[in-house]
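First up is the structure itself, then whatever we jot down about it.
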DNA sequence: TAAGATTGTTGCTATATAGCAACAATCTTT
DNA sequence: AAAGATTGTTGCTATATAGCAACAATCTTA
């Protein structure tokens with residue numbers, strides 16, 4: 001770990017012409033400056049400046065060292081300033097992901113409006129039902145169904161979604177209506193990305209693993225299979241609301257329906273969230289309904 | 001005083017890909033690295049890198065900061081290297097001063113030989129009888145008659161010179177020979193740069209202030225005045241030896257002659273003398289006789 | 001699948017450090 | 001010419017700091 005502070009002190013001493021002014025500028029004591037310079041000269045094995053009690057003069061080595069170091073403090077300041085301006089306002093590239101249908105139907109319109117208000121933000125919006133590794137793949141934000149527990153992420157509830165367990169009239173006519181969770185094992189269960197269904201029994205969250213001969217990470221495919229009577233599926237309200245209303249699909253086991261299958265904003269853990277992330281999150285929460 | 005070490009730690013972490021390797025490279029503990037990064041992020045008010053326990057990834061702010069800072073460690077290293085090579089061997093510009101005649105007659109020939117052996121040294125040799133301010137005017141070395149006491153300089157004896165008090169035969173015939181120091185006040189005293197003469201009485205150094213109607217900072221002028229019988233002068237042996245031998249000038253008060261009126265190498269105080277200074281001093285002392 | 005290895009973080013403490021005050025050496029001013 | 005102001009240096013001490021060890025979270029390997 002090299003002696004950066006001594007270098008900065010030296011450069012400042014040269015520019016100010018004496019130790020006292022340099023100390024004042026750097027907001028440290030002159031004794032500190034004095035010791036830093038002495039130490040620097042020791043490390044370099046070279047006298048950098050000759051000093052009387054009143055005046056200083058650069059040695060040839062000091063002149064060389066100064067010429068090579070004078071730009072460094074400015075460079076660091078400029079680097080810090082860039083970050084500072086980045087912190088002032090939401091700007092930059094924003095990479096986010098969301099499940100396909102929910103994204104297309106709800107998130108994309110909100111984000112597009114957001115971009116109209118924030119022309120300095122570039123959006124990179126990946127719609128996929130794959131659960132991506134945020135940090136690994138450099139995402140700023142994911143919108144996930146159901147909260148995830150992960151030591152390196154934080155999450156924030158975006159809105160509440162109900163997942164409806166349902167089947168087509170045709171399927172019910174053939175297989176009957178299940179009345180308990182246990183009865184599900186006798187039915188054709190159509191699974192999505194997760195290999196369990198979420199219910200609530202006596203106020204307790206309950207994850208039920210069901211055997212399945214059908215899986216798809218596409219809600220659209222799942223919905224189609226359900227409508228064609230291939231089995232029972234648990235689908236978010238925005239897929240099935242219209243079919244439940246029309247009576248094409250029948251809600252099942254509603255007494256066990258989990259009330260808060262939330263939609264979450266998930267982002268990498270950070271003590272200092274970027275303005276762009278904050279702005280996007282606020283805007284989404286504000287405009288989701 | 002800005003946080004240079006944290007910046008260096010950050011750059012190293014980015015380049016090494018993790019905290020541990022960066023710590024090893026910088027020869028500090030990982031805990032130190034961890035705290036430096038945390039502290040840097042706090043100061044900048046921005047998360048620079050997202051970290052799982054196993055992997056890190058730059059945030060947009062981190063990427064920007066890295067791009068702006070990556071060259072700084074190299075720059076400092078290179079500055080240090082320049083000084084290091086400067087320390088290896090005597091090189092560079094060497095500015096020195098000496099009294100005119102002594103310089104012309106003794107020092108210049110030695111320095112010219114020195115330059116033949118050291119083509120990398122550029123000499124700036126000022127011959128003057130003015131007592132220059134070494135530090136103020138940027139001199140590396142002065143050659144002075146008589147040691148000087150000064151808190152901001154060091155000195156080293158180059159050789160011994162005897163200052164002969166003498167007068168011309170013609171002057172002695174007219175004014176007689178002084179036999180005591182007190183008698184000098186009755187004589188015409190020709191003064192050089194200093195306004196006193198140096199003697200020894202009972203082993204004690206003794207500076208005698210003499211009234212004078214003639215002063216010159218030029219030894220040549222003083223010698224000429226002495227030879228023409230204008231008065232008594234105290235002159236270094238290299239001015240008068242030939243005339244004392246020929247009998248043209250008569251030595252006076254030899255029992256009071258100060259034995260060690262030395263010639264001194266005087267240079268700005270420094271804990272780490274430059275190789276060029278050391279080389280010049282050694283060479284002069286080696287070759288003065 | 002489980003045990004071991006490796007990662008970054010945090011509490012505790014020995015160590016290093018920075019500031020205060022006193023000092024010596026000039027320079028300035030009256 | 002003398003007193004006061006200002007400079008850089010140094011001893012002392014309160015404070016900050018860096019390393020150790022323990023830890024939690026993950027990845028690797030058998």
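Chains as they are written, first to last, in full-length UniProt numbering: chain A, 1 to 289; chain B, 1 to 289.
Using N, Cα and C, we set each Cβ at its ideal position, and we do this for glycine too.
Computed from a predicted structure; not experimentally measured.
(1) In terms of alpha-carbon separation, which member of B:142, B:52, B:175, B:197 lies closest to residue 261 (chain B)?
(2) Could you check where the alpha helix (DSSP H) with residue 169 (chain A) kicks off and where it finishes?
(3) For the putative contact between residue 251 (chain B) and residue 200 (chain B), defined by C-beta atoms under 8 Å, what is the C-beta separation to the nearest angstrom?
(4) Among B:266, B:165, B:41, which residue has its Cα nearest to the Cα of residue 190 (chain B)?
(5) Going by Cα to Cα distance, which pick from A:243, A:223, A:242, A:228 is closest to residue 290 (chain A)?
(6) What are the boundary residues of the beta strand (DSSP E) that includes residue 238 (chain B)?
(7) When you compare only the Cα positions, how much space is there between residue 242 (chain A) and residue 268 (chain A)?
(8) Alpha carbon to alpha carbon, what distance is there between residue 10 (chain B) and residue 56 (chain B)?
(9) Could you check whether the Cβ of residue 46 (chain B) sits closer than 8 Å to any Cβ belonging to chain A?
(10) Strictly by DSSP, which residues pair up with residue 124 (chain B)?
(11) Work out the CA separation of residue 170 (chain A) and residue 227 (chain A) for me, nearest whole Å.
(12) Looking at the secondary structure, which residues open and close the alpha helix (DSSP H) in which residue 250 (chain B) lies?
(13) What number of angstroms, rounded off, separates the C-alpha of residue 225 (chain B) from the C-alpha of residue 231 (chain B)?
(14) Where does residue 184 (chain B) sit, in a helix, a strand or coil, going by DSSP?
(15) Which one or two residues does DSSP pair with residue 160 (chain B) in a beta bridge?
(16) Could you compute how far the alpha carbon of residue 69 (chain B) sits from the alpha carbon of residue 144 (chain A)?
(17) Use the C-beta contact count for residue 73 (chain B): other C-beta atoms within 10 angstroms, 16 or more gives buried, fewer gives exposed.
(18) Can you name the residues of chain B whose CB is closer than 7 Å to the CB of residue 268 (chain A)?
(19) Can a CB atom of chain B be found closer than 8 Å to the CB of residue 79 (chain A)?
(20) Out of B:217, B:97, B:7, which has the shortest C-alpha to C-alpha gap to residue 265 (chain B)?
(21) Would you list the one or two residues that DSSP bridges to residue 233 (chain B)?
(22) Give me the DSSP bridge partner(s) of residue 268 (chain A).
(23) Locate the alpha helix (DSSP H) running through residue 7 (chain B), then write down its first and last residues.
(24) Starting from residue 276 (chain A), trace the alpha helix (DSSP H) in both directions and tell me its first and last residue.
(25) What's the call for residue 3 (chain B), buried or exposed, on a 16-neighbour Cβ count within 10 Å?
(26) Which chain B residues sit within Cβ distance under 8 Å of residue 293 (chain A)?
(27) From this set, B:90, B:122, B:59, B:34, which residue's C-alpha is nearest residue 53 (chain B)'s C-alpha?
(28) Please name the residue, chosen from A:212, A:255, A:179, A:178, that lies closest to residue 204 (chain A) on a Cα-to-Cα basis.
(29) Are there 16 or more other CB atoms within 10 angstroms of the CB of residue 43 (chain B), so buried, or fewer, so exposed?
(30) Mind checking who residue 205 (chain B) pairs with in its DSSP beta bridge?
(31) So the beta strand (DSSP E) residue 145 (chain B) belongs to, where does it begin and stop?
(32) Short check: CB of residue 5 (chain B) to CB of residue 36 (chain B), under 8 Å?
(33) Quick check on the DSSP output: the alpha helix (DSSP H) that includes residue 116 (chain A) runs from which residue to which?
(34) Determine the burial state of residue 195 (chain A): buried for a count of at least 16 other Cβ atoms within 10 Å of its Cβ, exposed for fewer.
(35) Would you kindly report the start and end of the unbroken alpha helix (DSSP H) that includes residue 48 (chain A)?
(36) Would you mind telling me which residues of chain A sit closer than 9 Å to residue 5 (chain B), beta carbon to beta carbon, in chain order?
Straight from the coordinates:
(1) Closest option to residue 261 (chain B), Cα to Cα, is B:197.
(2) Residue 169 (chain A) -> alpha helix (DSSP H) spans 169 to 175.
(3) The distance from the Cβ of residue 251 (chain B) to that of residue 200 (chain B) is about 15 Å, inconsistent with a contact at the 8 Å cut-off.
(4) Minimum Cα distance to residue 190 (chain B) is reached at B:165.
(5) No statement about residue 290 (chain A) is possible, as the shown extent of chain A runs from 1 to 289 and does not include it.
(6) Segment 237 to 246 is the alpha helix (DSSP H) holding residue 238 (chain B); no beta strand (DSSP E) there.
(7) Those two C-alpha atoms are separated by around 35 Å.
(8) Those two C-alpha atoms are separated by around 12 Å.
(9) Yes, residue 46 (chain B) lies at the interface with chain A (some Cβ there is under 8 Å from its Cβ).
(10) Residue pairing of residue 124 (chain B) in beta bridges, as defined by DSSP: B:95.
(11) Rounded to the nearest angstrom, the two C-alpha atoms are 9 Å apart.
(12) No alpha helix (DSSP H) holds residue 250 (chain B); the beta strand (DSSP E) holding it covers 249 to 251.
(13) Roughly 7 Å between the two C-alpha positions.
(14) Residue 184 (chain B): helix per DSSP, three-state reduction.
(15) As computed with DSSP, residue 160 (chain B) is found in a beta bridge with B:262.
(16) Those two C-alpha atoms are separated by around 36 Å.
(17) Residue 73 (chain B) counts as buried, since at least 16 other C-beta atoms from the protein chains shown sit within 10 angstroms of its C-beta.
(18) Correct list: 50.
(19) Yes - at least one Cβ of chain B is within 8 Å of the one on residue 79 (chain A).
(20) Residue B:97 holds the alpha-carbon nearest to the alpha-carbon of residue 265 (chain B) among B:217, B:97, B:7.
(21) BP columns for residue 233 (chain B) point to B:166, B:190.
(22) Its beta-bridge partners are A:153.
(23) That run of the alpha helix (DSSP H) goes 4 to 16.
(24) 275 to 287 is the span of the alpha helix (DSSP H), which, as asked, contains residue 276 (chain A).
(25) Counting Cβ neighbours within 10 Å, residue 3 (chain B) comes out buried, since at least 16 surround it.
(26) The structure shown has nothing for residue 293 (chain A), since chain A only spans 1 to 289.
(27) Of B:90, B:122, B:59, B:34, the residue nearest in Cα terms is B:34.
(28) Nearest C-alpha to residue 204 (chain A): A:255.
(29) Around the Cβ of residue 43 (chain B), a 10 Å sphere holds fewer than 16 other Cβ atoms; the residue is exposed.
(30) In the DSSP assignment, the residues bridged to residue 205 (chain B) are B:200.
(31) Looking at the DSSP string, the run of the beta strand (DSSP E) that includes residue 145 (chain B) is 141 to 145.
(32) Taking 8 Å as the Cβ cut-off, residue 5 (chain B) and residue 36 (chain B) qualify as a contacting pair.
(33) For residue 116 (chain A), the enclosing alpha helix (DSSP H) starts and ends at 108 to 117.
(34) Classification of residue 195 (chain A): exposed, given that the 10 Å Cβ count is below 16.
(35) Counting along the chain, residue 48 (chain A) falls outside any alpha helix (DSSP H), and DSSP gives it neither H nor E.
(36) In chain order: 1, 2, 4, 5.
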